[in-house]
Amino acid sequence: MPRTVPTPFVPRYRLEPHARYIIDGTLEFVAHSSDDHGHVLRRVDNPNLCESFTHAVFAELLDEGRMNIVRDYHRASAAAVRLEGPERLITELAPKRRERLLARKDVCDAFLRAEAAGETSRADVPMKAFIKRYAMGILEKAVEQGRCGSDDIIVKRPPSPTALRKWLRKYEACGFDAMSLRDGYGRSGNRMPRLESEERALMREIAERYASRLQPTKATLYIDLVDAVRKENLKRRATGERLLKKPSRAAFERVISGLDPFMVCAGREGEAAARKKFFIVRGGLDMSRPLERVEMDAWTISLQVILEDAGVWSKLSPEIRAEVGRRRLLLSVAIDCYTRCILAARIIDSNTSTAAVSTIAMAVMDKSRFAEAAGCVTPWDQCGTGETYATDNDKAYTAYETRASVTDMGSEMLFPPAGTPQNRARIERFFRTIHKQLVALFHGRSFENVVAKGDYESEANAVIDADELGRAIVRWIVDVYHNTPHEGLGGETPRNCWIRTTRLHPVLPPPDPDVCRHIFGITVERRITNSGVRVLGLNYQSEEIQRLRRVAQQKPVLVRIDEGDLGYVSVRAEDGWLTVPCVKAGFNGVPLERWVATERALRREHADMARLSEEVVLQALADIKAFSASATQRAGIASPIITSTDVDRLERDRFRTFSFDRGPEDGPAVFDPVDVAMEDDADTPCRTDAAQMPGPDGRGSGAPEGDDGTKEDDYGMED
Numbered sequence: 001m002p003r004t005v006p007t008p009f010v011p012r013y014r015l016e017p018h019a020r021y022i023i024d025g026t027l028e029f030v031a032h033s034s035d036d037h038g039h040v041l042r043r044v045d046n047p048n049l050c051e052s053f054t055h056a057v058f059a060e061l062l063d064e065g066r067m068n069i070v071r072d073y074h075r076a077s078a079a080a081v082r083l084e085g086p087e088r089l090i091t092e093l094a095p096k097r098r099e100r101l102l103a104r105k106d107v108c109d110a111f112l113r114a115e116a117a118g119e120t121s122r123a124d125v126p127m128k129a130f131i132k133r134y135a136m137g138i139l140e141k142a143v144e145q146g147r148c149g150s151d152d153i154i155v156k157r158p159p160s161p162t163a164l165r166k167w168l169r170k171y172e173a174c175g176f177d178a179m180s181l182r183d184g185y186g187r188s189g190n191r192m193p194r195l196e197s198e199e200r201a202l203m204r205e206i207a208e209r210y211a212s213r214l215q216p217t218k219a220t221l222y223i224d225l226v227d228a229v230r231k232e233n234l235k236r237r238a239t240g241e242r243l244l245k246k247p248s249r250a251a252f253e254r255v256i257s258g259l260d261p262f263m264v265c266a267g268r269e270g271e272a273a274a275r276k277k278f279f280i281v282r283g284g285l286d287m288s289r290p291l292e293r294v295e296m297d298a299w300t301i302s303l304q305v306i307l308e309d310a311g312v313w314s315k316l317s318p319e320i321r322a323e324v325g326r327r328r329l330l331l332s333v334a335i336d337c338y339t340r341c342i343l344a345a346r347i348i349d350s351n352t353s354t355a356a357v358s359t360i361a362m363a364v365m366d367k368s369r370f371a372e373a374a375g376c377v378t379p380w381d382q383c384g385t386g387e388t389y390a391t392d393n394d395k396a397y398t399a400y401e402t403r404a405s406v407t408d409m410g411s412e413m414l415f416p417p418a419g420t421p422q423n424r425a426r427i428e429r430f431f432r433t434i435h436k437q438l439v440a441l442f443h444g445r446s447f448e449n450v451v452a453k454g455d456y457e458s459e460a461n462a463v464i465d466a467d468e469l470g471r472a473i474v475r476w477i478v479d480v481y482h483n484t485p486h487e488g489l490g491g492e493t494p495r496n497c498w499i500r501t502t503r504l505h506p507v508l509p510p511p512d513p514d515v516c517r518h519i520f521g522i523t524v525e526r527r528i529t530n531s532g533v534r535v536l537g538l539n540y541q542s543e544e545i546q547r548l549r550r551v552a553q554q555k556p557v558l559v560r561i562d563e564g565d566l567g568y569v570s571v572r573a574e575d576g577w578l579t580v581p582c583v584k585a586g587f588n589g590v591p592l593e594r595w596v597a598t599e600r601a602l603r604r605e606h607a608d609m610a611r612l613s614e615e616v617v618l619q620a621l622a623d624i625k626a627f628s629a630s631a632t633q634r635a636g637i638a639s640p641i642i643t644s645t646d647v648d649r650l651e652r653d654r655f656r657t658f659s660f661d662r663g664p665e666d667g668p669a670v671f672d673p674v675d676v677a678m679e680d681d682a683d684t685p686c687r688t689d690a691a692q693m694p695g696p697d698g699r700g701s702g703a704p705e706g707d708d709g710t711k712e713d714d715y716g717m718e719d
């Protein structure tokens, strides 16, 4: 256990000048100013009124879901994008449109990088050469990722130079907003002749006006230049000086093109758009603040190698060795490169796009519940929206679902070239470090004592249990790794570095709960009825979805649920996602797993009844919550990732005939007869049997013990 108890940490979030801040669904604000004490927001309906919020109050509003933040809402380019269509998020688009948009974004980003490196230009010949190289790269990647035994490889047709120029023009004009690539328009080039110094100085003076929030066009500025030359020549004619030549429009536009690209973008579109373009063309490798770059990867947990290195493999029985050899677990991790803090860690069976999205969702949110479940002393409160997510080229990360989720947060994804792990050096080094530390966790006198008692089989079974392993990893990350001096941080601990640097450079806040559900939620299809939409035996109803019902009629609509809160669902409408509340009170903050456990408990107790009263259901929910005080130990990083298939299976097998109504409090509780098995489903991810819920004694071991029985904490981390 650490020698000192950490002091409470109040997160500091960064305000954005063009963001829209909505409190309690009615009051709309824009950013005014920030300091060490808090934030000042200006009312939109009355710009003369400002309100102040301390950092603690601001964080509390976010945690309680009372504040909704829409990034870049008031930016001119974002307003232009909204005029072209109602969709605000890529995840709101149909799959075909989403794939087409992200494919356009890929080729535009690749071209901008090549153009910045001087490898191509926007003329037809070099652009055709670039498109050919790009198409060959896509084909090679498709061949590498193709399924074994498949004779067909499907790739998209590359764009023509004309189409690519149209996409680039629109992409740049809209501040590199990917949603702008739904449509496009063209652009043209020019050349420049040589002029005298006086003409060049005057051109430079007028050209610098191009980097203005007024966003003057080149044509307008050229008219200003011609007028300035005319006025200057009137003076020179009176004094007999040399008259200035009128520069051609091509010459003037060449001067504008020679301006500093970052300053032009910052002047016309703001610093946020300039930083985004700087990331695209430079790769986003330079870091100056927390969450500027987040690296993600999945590491194979080789339990056999860990136990061999710990010197305990030979002490296990052949049966347990065989069991360990069959286990294949992966650890999906996200790390903040600037502070080296671990933002997310999930134990998974395979690295899929669903697992990647789940890891990203965990990275942006507060993870204190995971730390509490593992018995940690230090909170796991590092959270916020990352600016760049760097991964390898695994299908889990290149999938449209993963990239759409990241893009909808206003972030970017970076895919370093294959075979270059040095471009993700920090997470690669972390995996080497955690391997050494896991060896230490299962090594030493504690295990030797168990073997001496003859209990080594039960101990080994705990080792190969994913939940136990997950708690040990969380305990090590939060209490050991985050509080250990790190060589790459000059001897500072990752947690102290996070606290210090987020005060200097506040991070972007995580998306609000509704947006998180829109982006990261589990997607299912449901039809809208008179009762609204039904998910897992619960009805969700609002006036908005009844209006949508008249449009959708009998067609199913997309519904997204948050497995951590069944109080609301998101329903896809023509103009975006609708937030729809549960008809029954008492489900705010109720996780899916607790609701499944409640249904099972009620089914066992009331299987002979015809319908349950609401009083009985809510009391059962409360009982399950109280029982889960110790069962929260299971809410760890090894909890199964629930997919839409799992939800549909639960709906079919468990909740198809489940219903409950408000009835007399002293009346009988009744339940519809059902034809499903009474025992737990083996393939259902929501496991809640009492025997599977370890109590407080099932916590991870934390730091390894020394010879004197005390916790050793004098470790150092390599960069």
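Per full-length UniProt numbering, residue 1 is the first one in the sequence shown, and the count goes up by one each step.
Backbone N, C-alpha and C fix where the C-beta goes; we use that ideal spot for every residue, glycine too.
Remember, predicted model here, so these are calculated numbers, not experimental data.
Per-residue burial, residue i [other beta carbons within 10 Å of its own, 16 or more giving buried]
i, result
"V125", "exposed"
"G240", "exposed"
"E292", "buried"
"V107", "buried"
"P247", "buried"
"residue 721", "Since the displayed the chain opens at 1 and closes at 719, residue 721 lies outside it and no answer follows."
"C50", "exposed"
"A19", "buried"
"H486", "buried"
"S317", "exposed"
"residue 777", "Beyond the ends of the chain as shown, which are 1 and 719, falls residue 777; an answer cannot be given."
"R500", "exposed"
"H37", "exposed"
"R191", "A caution first: R191 carries a pLDDT of 37, below 50, which makes its placement in the model unreliable, though a value can still be read off. The residue in question, R191, is exposed, as its Cβ has fewer than 16 Cβ neighbours within 10 Å."
"A322", "exposed"
"P11", "buried"
"Q554", "exposed"
"G118", "exposed"
"D109", "buried"
"E295", "buried"
Limits of the alpha helix (DSSP H) - the one that residue i falls within
i, result
"L181", "Element bounds for L181: n/a, residue is neither H nor E."
"I473", "A466 to R475"
"V357", "S353 to V364"
"I499", "P494 to L504"
"L234", "K218 to T239"
"T388", "Looking at the DSSP string, T388 is not in any alpha helix (DSSP H); the run it does join, the beta strand (DSSP E), is T388 to A390."
Secondary structure of residue i, DSSP reduced to three states
i, result
"F111", "helix"
"G137", "helix"
"D297", "strand"
"L15", "coil"
"I642", "coil"
"C376", "coil"
"G663", "Bear in mind that a pLDDT of 40 at G663, under 50, signals an unreliable position, so the number given afterwards is only what the model happens to contain. Coil at G663, not helix or strand."
Nearest neighbour of residue i, chosen from the options [CA to CA]
i, options, result
"residue 757", "T54, I223, R289 and P95", "The structure shown has nothing for residue 757, since the chain only spans 1 to 719."
"Q541", "I342, V226 and I528", "I528"
"A573", "L93, C50 and R503", "L93"
"T523", "P17, D72, K555 and T91", "T91"
"V81", "Y210, S34, D63 and A173", "A173"
"T378", "N496, G589, A597 and N233", "N496"
"Y389", "M365, A356, E372 and Q382", "A356"
"G267", "S180, Q215 and V535", "Q215"
"S77", "L181, L303 and R547", "L181"
"R213", "I138, E269, E199 and T220", "E269"
"E60", "S34, D24, F29 and V30", "D24"
"G410", "A238, V533 and C516", "C516"
"D320", "K367, Q304 and D72", "The question names Asp, but residue 320 in the sequence shown is Ile. Checked all of K367, Q304 and D72; the closest Cα to I320 is Q304."
"R594", "D565, D297 and L102", "D565"
"residue 748", "R429, I473 and D514", "No statement about residue 748 is possible, as the shown extent of the chain runs from 1 to 719 and does not include it."
For residue i: DSSP bridge partner residues
i, result
"S52", "V40"
"M67", "I23"
"A142", "Looking at the DSSP assignment, A142 forms no beta bridge with any residue, so it has no partner."
"M413", "Y389"
"R346", "S332"
Extent of the continuous beta strand (DSSP E) run through residue i
i, result
"F525", "In the sequence under discussion, the amino acid at residue 525 is Glu, which differs from the Phe named in the question. Note, E525: beta strand (DSSP E), I522 to R526."
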